[in-house]
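Numbering (the numbering used here), first residue to last: 489 to 867.
To start, the structure itself, in structure tokens.
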Amino acid sequence: MQKVIEIVKGYYKLQSDEKDFHRNIYIRKFPIKNEGLGLLFNRFKRKQSINMIMDPGTKLDLPRLEDTLKELIGGLKNLDIIFVSHQDPDVSSNVLPLLMRAKNSVLIGSIDSWRLIKMYGVPRGRFKAAESFISSYFEIPGTNSKIYFVPASYCHFRGAMMVYDPDTRVLFTGDFMAGLNTMNKQSVYADESAWPGIALFHQIYMPSKKALRTTIDLIRMLTPKVEIIAPQHGYVIKGELVDEFLERLYHLDVGVDIEDVNNVYTGRLVLALSEFLNKVRVYNIIVHTKLLKLMKESQTRDFTQPLVFMGDEVAKINVGYEQAVEYIVSLIRRHFKKEEEELLILLNDALVGLSLPIPQFMASILTEEMRKEVFKEVQ
Ligand SMILES: [Fe+2]
Ligand SMILES: [Fe+2]
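This is the structure:
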């Protein structure tokens, strides 16, 4: 795992090492208030903070997590709250070991998550349902802070839950707003190049646009306004990109929506890509071999990929039409600087040839010269 990073004061992120798709574990220290520490909060007298961990990761993360907790809060024993967004193994498999060693800690999650997490053998007395807090907020004992539990229903699990911390304005979102690493650099924060990875993750994991919209509407209603989105995978999103990416997700076809879109465009895109690869082979056999290898090798990674091959032919498309085209365009632009123009013309030609629309981002890349070339080809 990489070094722990303080994203805002008292809010820390620990990131696993995977290059394509990593986990983020967050730790929040709520400062103990100075005055009013009466008998009621006697237990916190020698503590400087109440400490919460969010989505504590897997066994692979445990050694580094222990070191980090020692450094930040004086050890695992000082952990007070363990929050889980849902019950997937990448989120929850450390829950029991943490609860055993942090003897006074409490586990918080949704009732739907609990139904499955209790299978680890977690005692009922250590669990508190997020839904049980009045008005869905929890006043952190001994501090001036409170947190809000915000449902992310069906994103991607029925009982998925987020946590909003109004003091820092950080919304921990679990798998919602998570993404694959597409930025080609080490970075804590998302920039524009994070979007294809976020879109792909949501298309594969989220059930429908309706579910996304319900969650986005809830996020937009939070006050004070959310400034930082902290997901369990991928990059932390802040600044203008918070609204920008939420708005894009609001209009993205995902899950079952894609099945509908697939009926319209992606079937024809399979044919268009076969035509495109044939044209590339005629244009330059070396370029063809390299491009085909790049398109196919993405399948050997762990994560579900946009294109499914059978032999050297594209057999199926796992994402929406525009995302599939964007994926191929990004491969071309990244790996074929010299042949970029020619390849884009050939791709454009193959799409137009099957009456497929040219997505806006692709149209904006094509120069006037290239357009003429495409027109000539089609004629
Ligand atoms: Fe998940
Ligand atoms: Fe996850």
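Ideal placement from N, C-alpha and C gives every residue a C-beta, glycine not left out.
Looking only at C-alpha atoms, which of the options sits nearest to residue i?
i           : options               : result
residue 571 : 610, 588, 596 and 558 : 596
residue 739 : 547, 701, 805 and 818 : 701
residue 563 : 635, 672, 593 and 624 : 593
residue 686 : 675, 671 and 615      : 671
residue 682 : 799, 693 and 726      : 726
residue 844 : 616, 821 and 752      : 752
residue 776 : 803, 823 and 793      : 823
residue 814 : 631, 569, 783 and 589 : 783
residue 633 : 616, 521, 491 and 780 : 521
residue 614 : 630, 586, 629 and 754 : 586
residue 577 : 554, 555 and 601      : 601
residue 436 : 785, 609 and 829      : Residue coverage of the chain in this structure runs from 489 to 867, which leaves residue 436 outside it and unanswerable.
residue 754 : 794, 723, 767 and 732 : 794
residue 762 : 519, 816, 628 and 855 : 816
residue 826 : 849, 774, 731 and 612 : 774
residue 758 : 796, 847 and 785      : 796
residue 491 : 612, 706, 552 and 680 : 552
residue 541 : 635, 674 and 830      : 635
residue 706 : 832, 680, 624 and 828 : 624
residue 500 : 607, 724 and 680      : 724
Identify, in the order they occur along the chain, each residue of the same chain with its Cβ nearer than 7 Å to the Cβ of residue i, setting aside the five sequence neighbours on each side.
i           : result
residue 527 : Legend: pLDDT at residue 527 = 46, less than 50; position of this residue unreliable, value from coordinates given subsequently. There are no such residues.
residue 720 : 511, 512, 543, 573, 579, 662, 663 and 666
residue 764 : 834, 835 and 838
residue 590 : 564, 565 and 567
residue 496 : 656, 658 and 716
residue 694 : 643, 644, 700, 742 and 743
residue 800 : 780
residue 818 : 684
residue 696 : 742, 743, 744 and 745
residue 621 : 637
residue 830 : 771
residue 554 : 564
residue 828 : 820 and 821
Do residue i and residue j have their C-beta atoms within less than 7 Å of each other?
i           : j           : result
residue 637 : residue 618 : yes
residue 699 : residue 664 : no
residue 669 : residue 508 : yes
residue 715 : residue 657 : yes
residue 436 : residue 729 : Outside the modelled stretch of the chain, which goes from 489 to 867, sits residue 436, for which no answer is possible.
residue 676 : residue 820 : no
residue 769 : residue 842 : no
residue 582 : residue 545 : yes
residue 718 : residue 660 : yes
residue 502 : residue 556 : yes
Report all residues from its chain with a CB closer than 6 Å to the CB of residue i; omit the five preceding and five following residues, and keep chain order.
i           : result
residue 517 : 498, 537 and 539
residue 645 : 574
residue 598 : 618, 647 and 649
residue 853 : none
residue 704 : 734 and 738
residue 689 : 666, 667 and 668
residue 506 : none
residue 481 : This structure cannot speak to residue 481, because the chain is shown only from 489 to 867.
Sorted by chain position, which residues of the same chain lie with C-beta nearer than 8 Å to residue i's C-beta, five sequence neighbours on each side aside?
i           : result
residue 548 : 504
residue 691 : 740, 741, 742, 743, 746, 806, 807, 808 and 811
residue 561 : 515, 517, 537, 539 and 567
residue 550 : 582 and 585
residue 760 : 838, 839, 841, 842 and 844
residue 767 : 834, 837 and 838
residue 867 : Residue confidence is low: residue 867 scores 43 on pLDDT, short of 50, so the model does not pin down where it sits. Its coordinate-derived value is still stated next. So no residue of the chain qualifies.
residue 616 : 594, 595 and 596
residue 732 : none
residue 559 : 492
How about residue i: is its C-beta nearer than 7 Å to some C-beta of chain D?
i           : result
residue 743 : Judged by its chain identifiers, the structure shown contains no chain D, having just a single protein chain.
Checklist entry - Pairing CB atoms from the segment 638 to 656 with CB atoms from the segment 703 to 723, are three or more of them under 8 Å? => result yes
Next on the checklist: Closer than 5 Å between the C-beta and any heavy atom of ligand 2: which residues qualify, listed along the chain?
Outcome noted: Sorted by position in the chain, 578, 663 and 720 make up the residues whose C-beta lies under 5 Å from a heavy atom of ligand 2.
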